[in-house]
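Participant: For the sequence shown, the numbering used here assigns the number 8 to the initial residue and increments by one for each residue that follows.
Even for Gly, the Cβ is constructed at its ideal location relative to N, Cα and C.
First the structure, which I've put down as structure tokens, then a few questions once you've had a look.
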Amino acid sequence: MSHPKISVILPVLNNEQFVDRCIDSVLHQTYEDFELMIMVGRCKDRSLKRCIAWQERDERIIIVSRKDSSLSDARNYALPVAKGKYLAYVDADDWYEPEYLATLVAPLEADDSIELSCCGCAIDHEDGRKAAPLLPKASGTVDVTSETYTQFVPNQAVWIKMFQTEWVRRYDMQMYDGFAEDVSLQVMIAAVAQRIYCVQAPLYHKTFENPDSVSVNFLKKSYLDTVLGLAYAVEFIRRHGREAVLSKPRLKSIIFSRIQTALTCSGYLPEVSEAARAFFQKYYPAEASQVRYEKKSLDAPVEIIAGAGQITRNLLHYMENSSRVRYVIDNHAHKGQTIGSKQVFPFAALEQEPKDVPILIGSTLYEYEIAQQLRAMGFENVYYVGDVLDEEAVQKVRML
Numbered sequence: 008m009s010h011p012k013i014s015v016i017l018p019v020l021n022n023e024q025f026v027d028r029c030i031d032s033v034l035h036q037t038y039e040d041f042e043l044m045i046m047v048g049r050c051k052d053r054s055l056k057r058c059i060a061w062q063e064r065d066e067r068i069i070i071v072s073r074k075d076s077s078l079s080d081a082r083n084y085a086l087p088v089a090k091g092k093y094l095a096y097v098d099a100d101d102w103y104e105p106e107y108l109a110t111l112v113a114p115l116e117a118d119d120s121i122e123l124s125c126c127g128c129a130i131d132h133e134d135g136r137k138a139a140p141l142l143p144k145a146s147g148t149v150d151v152t153s154e155t156y157t158q159f160v161p162n163q164a165v166w167i168k169m170f171q172t173e174w175v176r177r178y179d180m181q182m183y184d185g186f187a188e189d190v191s192l193q194v195m196i197a198a199v200a201q202r203i204y205c206v207q208a209p210l211y212h213k214t215f216e217n218p219d220s221v222s223v224n225f226l227k228k229s230y231l232d233t234v235l236g237l238a239y240a241v242e243f244i245r246r247h248g249r250e251a252v253l254s255k256p257r258l259k260s261i262i263f264s265r266i267q268t269a270l271t272c273s274g275y276l277p278e279v280s281e282a283a284r285a286f287f288q289k290y291y292p293a294e295a296s297q298v299r300y301e302k303k304s305l306d307a308p309v310e311i312i313a314g315a316g317q318i319t320r321n322l323l324h325y326m327e328n329s330s331r332v333r334y335v336i337d338n339h340a341h342k343g344q345t346i347g348s349k350q351v352f353p354f355a356a357l358e359q360e361p362k363d364v365p366i367l368i369g370s371t372l373y374e375y376e377i378a379q380q381l382r383a384m385g386f387e388n389v390y391y392v393g394d395v396l397d398e399e400a401v402q403k404v405r406m407l
């Protein structure tokens, strides 16, 4: 195909068991004007042979066999040679709904000012559990800023998005070459995006079932790369003259939260702590003390958990002395809400508590934001998940 409308970029690495399902879902799209660029790394299995078998059946497939095994490098390598006017992505152990391409390309074709379109994703677990789908918080065309982009599109993954190729190339939006590349890309997009289109439907299926998947290994290997990737994103923002957005409250909060999460979930690994200190001393020296770089010893059993999401539900199962937790607080608490046997109240319930009450933040995504809210109320005896659980238990709490 000389000029396909869409270039679908598919990195493949040791995905023999799953790649057939993925490729089949792409080739059976209702929108047929695309090229499928399969970027095959140094596989130890028969993934390349499986891809070649598909290529022999469909001329829209282009295979690039590469010595590098990096997910981001594969995507970056494909960017300058992609022929499509639009870019889409898919991971080899995931799959598209049949209308994925048609739905996301339609608004881009209708309006060139829309830089990217996005949809929701369904989460499928190995044991058959179906988590609630992750959906955009808006529908239709939305004008965005660095402060609002992440509100409308909280899912940072590249594979729920379709981009104007020219827009990506104009900003030379290369992905960070390492784990947690989506974290840095989210910040980069937020800094420069102006108009997007949101589809509130789970057209992408994210699966957690491949033991060799980058997404599973991410949990153990991505902490240092989270910090380094965000430094990469900040340099991207500086290079494009957008430094002012780095001081905007929401974007700054996201950066701080992601690094605090990397610190606590890694068990405060020395190399992660060192990288985090260097990051904040370079980019946010006046606020570097707001981040915790070392584990805090728990002097008394936790009495209150902040955050009423799945992490808190899992914590009550794994945490010692969970029976000592009196209640849960959440900014969006509603009357009669409970998690297990624990009642959920708004943050205002803390007004009756002593300022030294032990509070655990039941989140591995918004730790910094919640900690700031608690500090503003005068509570300093605050703990993170990594303070009360070992690293293995933290991973279980995050994955359940």
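Leaving aside the five residues before and after Gln207 along the sequence, list all residues of the same chain whose C-beta is less than 7 Å from its C-beta, in chain order.
Facilitator: Along the sequence shown, read from residue 1 onward, the residue named residue 207 stands at position 200. Contacts found: Gly127, Leu142, Pro143, Ser146.
Participant: Please classify Val26: is it buried, with 16 or more other beta-carbons within 10 angstroms of its beta-carbon, or exposed?
Facilitator: Looking up residue 26 in the sequence shown gives position 19. Counting Cβ neighbours within 10 Å, Val26 comes out buried, since at least 16 surround it.
Participant: Using CA atoms only, rank isn't needed, just tell me which of Leu381, Pro277, Tyr230 is closest to Thr268.
Facilitator: Translated into positions along the sequence shown, residue 268 becomes position 261. The shortest C-alpha separation from Thr268 is found at Tyr230.
Participant: Could you tell me if Ala293 is buried or exposed, where buried requires 16 or more neighbouring beta carbons within 10 angstroms of its beta carbon?
Facilitator: Here the question's residue 293 lines up with position 286 in the sequence shown. Exposed: under 16 other Cβ atoms inside 10 Å.
Participant: Any chance you could list the beta strand (DSSP E) runs of at least 3 consecutive residues sitting entirely within the segment 346-387, in chain order?
Facilitator: Runs found: 349-352, 366-368.
Participant: If Gly236 sits next to Gly185, beta carbons under 8 Å apart, how far is it from one beta carbon to the other, in whole angstroms?
Facilitator: What you label residue 236 is simply residue 229 of the sequence shown in a count that begins at 1. What you label residue 185 is simply residue 178 of the sequence shown in a count that begins at 1. Rounded, the Cβ-Cβ distance is 6 Å, consistent with contact.
Participant: With which residues is His389 paired in a DSSP beta bridge?
Facilitator: Residue mapping note: residue 389 aligns to position 382 of the sequence shown, counting from 1. Per the sequence shown, the amino acid found at residue 389 is Val instead of His. Paired residues: Ile366.
Participant: Does the Cβ-Cβ distance between Ile366 and Ala400 come in under 7 Å?
Facilitator: For this step, residue 366 is matched to residue 359 along the sequence shown. For this step, residue 400 is matched to residue 393 along the sequence shown. Not a contact, by the Cβ cut-off of 7 Å.
Participant: Entirely within the segment 158-184 and at least 3 residues each: give me those beta strand (DSSP E) ranges in chain order.
Facilitator: Those beta strand (DSSP E) runs which fall completely within the segment 158-184 and span 3+ residues are 168-171.
Participant: Would you kindly work out how many angstroms separate the C-alpha atoms of Ala285 and Phe263, rounded to a whole number?
Facilitator: Along the sequence shown, one-based indexing puts residue 285 at 278. Along the sequence shown, one-based indexing puts residue 263 at 256. Cα to Cα, the separation comes out at about 13 Å.
Participant: Hey, would you say Thr319 sits closer than 7 Å to Val298, going by beta carbons?
Facilitator: Residue 319 sits at position 312 when you count from the first residue of the sequence shown. Residue 298 sits at position 291 when you count from the first residue of the sequence shown. No, the pair does not count as a contact, with Cβ atoms beyond the cut-off.
Participant: Looking at the structure shown, is Asn217 part of a helix, part of a strand, or coil, going by DSSP?
Facilitator: What you label residue 217 is simply residue 210 of the sequence shown in a count that begins at 1. With a pLDDT of only 49 at Asn217, under 50, the local geometry of the prediction cannot be trusted, and the value read off the model is given with reservation. Three-state result, Asn217: coil.
Participant: Using the three-state DSSP reduction, which class does Val97 fall into: helix, strand or coil?
Facilitator: If you number the sequence shown from 1, residue 97 lands on position 90. Here Val97 sits in coil by DSSP.
Participant: Tell me whether Pro105 is buried or exposed, calling it buried when 16 or more other Cβ atoms sit within 10 Å of its Cβ.
Facilitator: In the sequence shown, counting from the first residue as 1, residue 105 sits at position 98. Exposed is the call here.
Participant: Quickly, what does DSSP pair Phe243 with across the bridge? List them, please.
Facilitator: In the sequence shown, the residue the question calls residue 243 occupies position 236. Per DSSP, none; premise fails for Phe243.
Participant: Rounding to the nearest angstrom, what Cα-Cα distance links Asn321 and Pro140 in this structure?
Facilitator: Reading the sequence shown from its first residue, position 314 is the one you call residue 321. Reading the sequence shown from its first residue, position 133 is the one you call residue 140. Asn321 and Pro140: Cα-Cα distance of roughly 19 Å.
Participant: Between the segment 276-290 and the segment 362-378, do at least 3 Cβ pairs fall closer than 8 Å?
Facilitator: Output reads no: the segment 362-378 does not touch the segment 276-290.
Participant: Quick check on Asn22: buried or exposed, where buried means 16 or more other Cβ atoms within 10 Å of its Cβ?
Facilitator: Residue mapping note: residue 22 aligns to position 15 of the sequence shown, counting from 1. Result: buried.
Participant: At the level of alpha carbons, what is the spacing between Cys58 and Lys51?
Facilitator: Walking along the sequence shown from the start, residue 58 turns up at place 51. Walking along the sequence shown from the start, residue 51 turns up at place 44. Going from the Cα of Cys58 to the Cα of Lys51 covers about 14 Å.
Participant: My assumption, with CB atoms under 8 Å, is that Val199 sits in contact with His247. Please give the rounded CB distance.
Facilitator: As a position in the sequence shown, residue 199 is number 192, starting the count at 1. As a position in the sequence shown, residue 247 is number 240, starting the count at 1. The pair is a contact, with the Cβ atoms about 6 Å apart (cut-off 8 Å).
Participant: Look up Pro140 in the DSSP assignment and say whether it is helix, strand or coil.
Facilitator: Residue mapping note: residue 140 aligns to position 133 of the sequence shown, counting from 1. Of the three classes helix, strand and coil, the one that applies to Pro140 here is strand, per DSSP.
Participant: What number of angstroms, rounded off, separates the C-alpha of Glu250 from the C-alpha of His339?
Facilitator: Within the sequence shown, the letter at position 243 stands for residue 250. Within the sequence shown, the letter at position 332 stands for residue 339. Each residue's alpha carbon lies about 33 Å from the other.
Participant: Express the C-alpha separation of Asp31 and Thr66 in angstroms, rounding to a whole number.
Facilitator: As a first step, residue 66 is located in the sequence shown; it is residue number 59 there, counting from the start. As a first step, residue 31 is located in the sequence shown; it is residue number 24 there, counting from the start. The sequence given here has Glu at residue 66, not Thr. The straight-line gap from Cα to Cα measures roughly 14 Å.
Participant: Does the segment 74-88 touch the segment 172-187, meaning 3 or more C-beta pairs lie closer than 8 Å?
Facilitator: Segments in contact, yes.
Participant: Apply the 10 Å Cβ neighbour rule to Glu376 and answer buried if 16 or more other Cβ atoms are within range, or exposed otherwise.
Facilitator: Here residue 376 is taken as the residue at index 369 of the sequence shown, counted from 1. So Glu376 ends up on the buried side.
Participant: Can you grab the Cα-Cα spacing for the pair Glu39 / Val33, in whole Å?
Facilitator: For the purposes of this step, residue 39 is taken as residue 32 along the sequence shown, with counting starting at 1. For the purposes of this step, residue 33 is taken as residue 26 along the sequence shown, with counting starting at 1. Those two C-alpha atoms are separated by around 9 Å.
Participant: Tell me the DSSP secondary structure of Cys50 in three-state form.
Facilitator: Counted from its first residue, the sequence shown places residue 50 at position 43. Three-state DSSP puts Cys50 in coil, outside helix and strand.
Participant: At the level of alpha carbons, what is the spacing between Arg331 and Pro308?
Facilitator: As a working mapping, residue 331 is identified with position 324 in the sequence shown. As a working mapping, residue 308 is identified with position 301 in the sequence shown. If you take the alpha carbons of Arg331 and Pro308, they lie about 7 Å apart.
Participant: Just to confirm, is the Cβ distance from Pro18 to Lys90 under 7 Å?
Facilitator: Here residue 18 is taken as the residue at index 11 of the sequence shown, counted from 1. Here residue 90 is taken as the residue at index 83 of the sequence shown, counted from 1. No, the pair does not count as a contact, with Cβ atoms beyond the cut-off.
Participant: Please report the distance separating the alpha-carbon of Asp306 from that of Pro209.
Facilitator: One-based indexing of the sequence shown puts residue 306 at position 299. One-based indexing of the sequence shown puts residue 209 at position 202. Taking the straight line from one Cα to the other gives about 44 Å.
Participant: Have a look at Ile121 and Cys205 and give me their C-alpha separation to the nearest angstrom.
Facilitator: Position 114 of the sequence shown holds residue 121. Position 198 of the sequence shown holds residue 205. Each residue's Cα considered, the two are about 11 Å apart.
Participant: For the alpha helix (DSSP H) that contains His324, what are its first and last residues?
Facilitator: Position 317 of the sequence shown, counted from the start, is the residue given in the question as residue 324. 317-325 is the extent of the alpha helix (DSSP H) around His324.
Participant: For Ser146, which of helix, strand or coil comes out of DSSP?
Facilitator: Position 139 of the sequence shown, counted from the first residue, corresponds to residue 146. If DSSP states are grouped into helix, strand and coil, Ser146 belongs with coil.
Participant: Output the boundary residues of the beta strand (DSSP E) element that contains Pro18.
Facilitator: As a first step, residue 18 is located in the sequence shown; it is residue number 11 there, counting from the start. Here the beta strand (DSSP E) through Pro18 covers 13-19.
Participant: Comparing alpha-carbon positions, which option in Tyr211, Gln24, Arg28, Leu115 lies nearest Ile130?
Facilitator: To locate residue 130, count along the sequence shown from 1; it is residue 123. Cα-wise, what sits closest to Ile130 is Tyr211.
Participant: Take Val88 as the anchor and find which of Arg64, Gly343, Ile16, Asp150 has the nearest alpha-carbon.
Facilitator: Walking along the sequence shown from the start, residue 88 turns up at place 81. When each option's Cα is compared against that of Val88, the closest is Ile16.
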